[in-house]
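Visitor: This structure is in C-alpha cells; I'll ask about it shortly.
Chains as they are written, first to last, in our numbering: chain A, 30 to 197; chain B, 337 to 577.
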C-alpha cells in the first residue's frame, strides 16, 4: 500500500492542536510507516505540494493570508480535516468578532498600528468550513490525542470519524 | 402522596409501542415513564413546561405535524414517533440556531463540561455549525454581589424565569423583546444588583442549563449546577401536603 501524503497547517490557533497531535507519543511510530508528512509546521517544507491526500488544519480563518492559504490548500487536498474548535467554530480567535477590526488594532497597537507587511485581518474570524468545504471535523480544545488517533486512523482507511463531537 | 386524579386512562402508541397513560399527562412524561428518551433543553422536572426550545419535537402520525412533547397532551389512540431522519434534522437545526445566535465559546466557559447545550451537541452529533454566526453584542451583567448574567451564553429556555416565579415566588426575571431580540431582564430591565425583588436565592443559577447564569469566582469548567433543585422542592411540597 502506498503511503498517505499527509499535511498539517496552522492558521489562527494557539498550536495546542499540533501539540495534542504530538501528544500521540508512541502511536506516532505506528503512524509513521503509513504516512508521508509532506508539509507541516513540524517539518521544514516551504511550499504546499500538489496531490496531498489528507490535510489537517488547525485554527480559524482570521486574515487575508489565512483565507488565501486555505483556498490554495483546499485545491491541492483530497480530504480536509478541521482539527479543534478554532478551525470548527472560530472559538477564541472569534471572540473578537463583536468588535471592529479598527478598534482591535488601535486598542492593541495604538493609533499608529502597521497597515502594511502584516496580513490584514478579515472583518470576522470564521470557521474553516465557512470558507472552503471541510470533510471531517475533530472537535475539542484541543482534541485529546486519543481522539485524533481514532479519527485519523478512520480517515486513513476511508471511514467516517467514529468519535462523537465534544466542543471545549 | 400523589393527589387523587379523575383523569381518564388512555392507550397510545409511542415508537410502535403501546403504552398506557392518563390523559392529563404530556407525551414527554409518558415517554420518560416508559424509558423512551426524547432530548430536551428548556424542560426541567419540577417546573411548568414552556415548549421554548423545540428540541423535544415529535411526530404525531396522521396529522402531518411535529409538536413539542413537553407541552402536548396525550390522547386516546394517538400515534407518536420520537425519532426519524426528519426529527433528527430538526433537532440539529435547533441546536445550530442556538449556537449561531449566541456567543458560545465552550473552551473558555465556566460551565465547560457541565453544560446541557454542549452535551446536546455531543448527543445529537452536531460537530460543526453550518449557519453563519451572528456574533451579537451583549453586555455581561456582574452587578449582583454573588452572581453573573452573561447573555452571550443564554439560550432563552426561561428556566430562570420559571423557577424564580413558580418556586421562589419573586418573579425577578422575565423575557423582553421578541424573536432574535429576546433577552432575559431583571425587574424593569435594571442591572441585576439593583433589582429589588431578587432574594439572592440563586435558584436561577442552579437551573440554568448553560453558563449564562453563574456564581462569581468560578474559573473555566468550575461551575457545576444542581439541576434537580426544583424537582426536590416540588417533591418536598407534595410530601408536606
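Virtual Cβ for every residue (Gly too), placed ideally from N, Cα, C.
1) Determine which residues of the stretch 523-552 of chain B have a Cβ less than 7 Å from any Cβ of chain A, and write them out in chain order.
2) Report all residues from its chain with a CB closer than 8 Å to the CB of residue 134 of chain A; omit the five preceding and five following residues, and keep chain order.
3) Strictly below 9 Å CB to CB, what residues from chain B border residue 114 of chain A?
4) For residue 42 of chain A and chain B, any beta-carbon pair shorter than 8 Å?
5) Based on the DSSP output, what are the partners of residue 415 of chain B in its beta bridges?
6) Tell me the DSSP secondary structure of residue 195 of chain A in three-state form.
7) By the DSSP assignment, the beta strand (DSSP E) with residue 483 of chain B in it spans what residues?
8) To be precise: take each residue of the stretch 32-56 of chain A, compare its Cβ to all Cβ atoms of chain B, and keep it if any distance is under 7 Å. Which residues remain?
9) When the Cα atoms are used, what is the spatial distance from residue 168 of chain A to residue 464 of chain B?
10) Look up residue 134 of chain A in the DSSP assignment and say whether it is helix, strand or coil.
11) For chain A, is any of its Cβ atoms less than 8 Å away from the one on residue 473 of chain B?
12) Taking the beta carbon of residue 456 of chain B as the centre, do at least 16 other beta carbons fall within 10 Å, making it buried, or is it exposed?
13) Flag this pair as touching only if the stretch 76-90 of chain A and the stretch 53-63 of chain A have three or more C-beta atom pairs under 8 Å; answer yes or no.
14) Can you say whether residue 473 of chain B is buried or exposed, counting buried as having 16 or more other CB atoms within 10 angstroms of its CB?
15) I'd like to know whether the C-beta of residue 458 of chain B is nearer than 8 Å to at least one C-beta of chain A.
16) Could you tell me which residues DSSP pairs with residue 66 of chain A in its beta bridges?
17) Going along chain B, which residues have a C-beta under 8 Å from residue 179 of chain A?
18) Could you name the residues that DSSP lists as bridge partners for residue 577 of chain B?
19) Give the secondary structure of residue 162 of chain A by DSSP, where H, G and I count as helix, E and B as strand, and everything else as coil.
20) Does residue 181 of chain A come out as helix, strand or coil in the three-state DSSP assignment?
21) Can you check whether the CB of residue 413 of chain B is closer than 8 Å to the CB of residue 348 of chain B?
22) Tell me the rounded alpha-carbon separation between residue 507 of chain B and residue 551 of chain B.
23) Which full runs of the beta strand (DSSP E) of 3+ residues lie inside the stretch 44-92 of chain A, going along the chain?
24) At what residues does the beta strand (DSSP E) containing residue 395 of chain B begin and finish?
25) For a contact meaning CB atoms closer than 8 Å, what does residue 462 of chain B contact in chain A?
26) Put residue 155 of chain A into one of helix, strand or coil per three-state DSSP.
27) For residue 74 of chain A, which residues from the same chain have a beta carbon less than 7 Å from its beta carbon, with the 5 sequence-adjacent residues on both sides left out?
28) Given that a residue counts as buried once 16 or more other Cβ atoms are within 10 Å of its Cβ, and exposed if not, what is residue 175 of chain A?
29) Out of B/356, B/400, B/448, B/492, point me to the one whose CA is closest to residue 195 of chain A's CA.
30) Below 7 Å between beta carbons is the criterion; list the residues of the stretch 479-492 of chain B that meet it against any residue of chain A, in chain order.
31) Have a look at residue 400 of chain B and residue 381 of chain B and give me their C-alpha separation to the nearest angstrom.
32) What would DSSP say about residue 176 of chain A, mapped onto helix, strand or coil?
33) Nearest by alpha-carbon distance to residue 406 of chain B: which of B/460, B/363, B/480 is it?
34) Pull up the distance between the alpha-carbon of residue 155 of chain A and that of residue 361 of chain B, whole angstroms please.
35) Report the option in B/345, B/419, B/446 whose CA atom is closest to the CA atom of residue 375 of chain B.
36) With DSSP run on the structure shown, which of helix, strand or coil describes residue 458 of chain B?
Guide: Looking at the atomic coordinates:
1) Taking 7 Å as the Cβ-Cβ cut-off against chain A, none of the residues of the stretch 523-552 of chain B qualify.
2) 142, 150
3) 441, 442, 443
4) no
5) B/349
6) coil
7) 483-485
8) none
9) 8 Å
10) helix
11) It does; some Cβ of chain A falls within 8 Å.
12) buried
13) no
14) exposed
15) yes
16) A/35
17) What residue 179 of chain A touches in chain B: nothing, since even the nearest Cβ is about 14 Å away.
18) Answer is none; residue 577 of chain B lacks a bridge partner.
19) coil
20) Here residue 181 of chain A sits in helix by DSSP.
21) Yes. Within cutoff.
22) 19 Å
23) The stretch 44-92 of chain A contains these whole beta strand (DSSP E) runs: 64-68, 81-87, 90-92.
24) 393-396
25) 194
26) strand
27) 67, 68
28) exposed
29) B/448
30) none
31) 29 Å
32) helix
33) Out of B/460, B/363, B/480, B/363 has the C-alpha closest to the C-alpha of residue 406 of chain B.
34) 45 Å
35) B/419
36) DSSP places residue 458 of chain B in helix when its eight states are reduced to three.
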